[in-house]
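At position 22 of the sequence shown (counting the first as 1) the number is 22 in the UniProt record's numbering, and the numbers step up by one without a gap.
The structure under discussion appears below in the form of structure tokens.
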Amino acid sequence: MVASYNWTAYTDYGHFEYDPQDIDYEFHLDNFVTYHGRIVNRYFWIAAIVSNLFHILILIQKQMRSSAIFIYMLAVAIFDIISFILSFLFKEGDNSHVEILPIIQEFKDHSWCLEDPWFLINFSLQPVYTGFGVSKKVSIVLSIIMAVIRTLSILFPMSSRIQNMAQPRRTFLFIFVAVLVSFLLETKALWWYARIFRIKDILGY
């Protein structure tokens, strides 16, 4: 003999009061490190932005702009500030302030009916992801170029080719090429795979 039960569940959050401290949570080291790590990262990001602004104020002086190394340092500081600001302002639910962002930002709404492998792109947040990826790549590439030129200048101080590489005009050309290549690498998936479709009334409105 099987008895049937009619269960009714309800809750009234407006009148339900509780103290979160009364609940015993199990301690997890990874959650602790992740939570407090994000808080610490905020202070590091702010310190990095302030220090880079200080470097920019020094490097924009006329006597500093005559050196290729200082021009590279100025460009690195600018792109570092851009990447830090974009990563700091990005928020996704409770996982605010993430450091590693994907190339393509997916629009996470399960009400859309799309078959694999297609998914919707969040067009409003995509420039944030692209700008973060480009600025991060440019900073790394320019730092490597600056280190290579510095090393070659020490190893071959009398070489005319090395001196030509360190000219301000060549420096701006290298910066432009680094930005262009980084932009193409960061957006190649969008140019190659992205398609624009008009979806007709799939929600029945």
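Quick reminder that beta carbons are idealized off the backbone N, C-alpha and C, glycines included.
For this session: Work out the CA separation of H55 and L142 for me, nearest whole Å.
Result: Counting from one through the sequence shown, the residue named residue 142 turns up at place 142. Counting from one through the sequence shown, the residue named residue 55 turns up at place 55. Each residue's alpha carbon lies about 16 Å from the other.
Problem set entry | Neighbourhood of I85 by C-beta, 8 Å cutoff - its chain only, sequence neighbours within 5 removed | The residue labelled residue 85 in the question sits at position 85 within the sequence shown. Hits under 8 Å: I49.
Exercise. Ordered along the chain, which non-local residues of its own chain (more than five positions away) have a Cβ less than 6 Å from that of S182?
Worked result: As a first step, residue 182 is located in the sequence shown; it is residue number 182 there, counting from the start. Excluding residues within five positions, the ones whose Cβ falls inside 6 Å are V134, K137, V138.
For this session: Could you check what DSSP says for I71 in three-state terms: helix, strand or coil?
Result: In the sequence shown, counting from the first residue as 1, residue 71 sits at position 71. Helix at I71.
Problem set entry | For Q63, the nearest candidate out of W192, L180, A178, P168 (CA to CA) | Taking the first residue of the sequence shown as 1, we reach residue 63 at position 63. Checking every option, the nearest Cα to that of Q63 belongs to P168.
Problem set entry | Contact the segment 37–53 vs the segment 65–84: 3+ CB pairs below 8 Å | yes
Exercise. Does DSSP classify I121 as helix, strand or coil?
Worked result: Taking the sequence shown and counting its residues from 1, one reaches residue 121 at position 121. Three-state result, I121: strand.
For this session: Go ahead and label I144 buried or exposed: buried means 16 or more other beta carbons lie within 10 angstroms of its beta carbon, across all protein chains shown.
Result: Numbered from its first residue, the sequence shown carries residue 144 at position 144. That one is exposed.
Exercise. In angstroms, rounded to a whole number, what distance separates the CA positions of L184 and S153?
Worked result: Position 184 of the sequence shown, counted from the first residue, corresponds to residue 184. Position 153 of the sequence shown, counted from the first residue, corresponds to residue 153. Taking the straight line joining both Cα atoms gives about 30 Å.
For this session: Take the Cβ of V76 as the centre, count every other Cβ of all protein chains shown within 10 Å, and call the residue buried at 16 or more, exposed below.
Result: Stepping through the sequence shown from its first residue, residue 76 is reached at position 76. Counting Cβ neighbours within 10 Å, V76 comes out buried, since at least 16 surround it.
For this session: Tell me whether F132 sits in a helix, a strand or coil according to DSSP, three-state version.
Result: Working through the sequence shown from its first residue, we reach residue 132 at position 132. Correct three-state label for F132: helix.
For this session: Work out the CA separation of F123 and F132 for me, nearest whole Å.
Result: Counting from 1 along the sequence shown, the entry for residue 132 is found at position 132. Counting from 1 along the sequence shown, the entry for residue 123 is found at position 123. Taking the straight line from one Cα to the other gives about 15 Å.
Problem set entry | Unbroken alpha helix (DSSP H) run spanning H55, endpoints | Indexing the sequence shown from 1 puts residue 55 at position 55. It spans 29–59 - the alpha helix (DSSP H) in which H55 sits, taken as one unbroken run.
For this session: Tell me, to the nearest whole angstrom, how far the beta carbon of E186 is from that of T151; I am working on the premise that it is less than 8 Å.
Result: Translated into positions along the sequence shown, residue 186 becomes position 186. Translated into positions along the sequence shown, residue 151 becomes position 151. With 8 Å as the limit, E186 and T151 do not qualify as a contact, their Cβ atoms being about 28 Å apart.
Exercise. Of all the options V179, I140, M146, which has the alpha carbon lying nearest to the alpha carbon of I162?
Worked result: Position 162 of the sequence shown, counted from the start, is the residue given in the question as residue 162. Out of V179, I140, M146, M146 has the C-alpha closest to the C-alpha of I162.
For this session: Name the residue from I149, L89, I140, F70 whose alpha carbon lies nearest to the alpha carbon of V128.
Result: By one-based count along the sequence shown, residue 128 stands at place 128. Of the candidates I149, L89, I140, F70, the one whose C-alpha sits nearest the C-alpha of V128 is L89.
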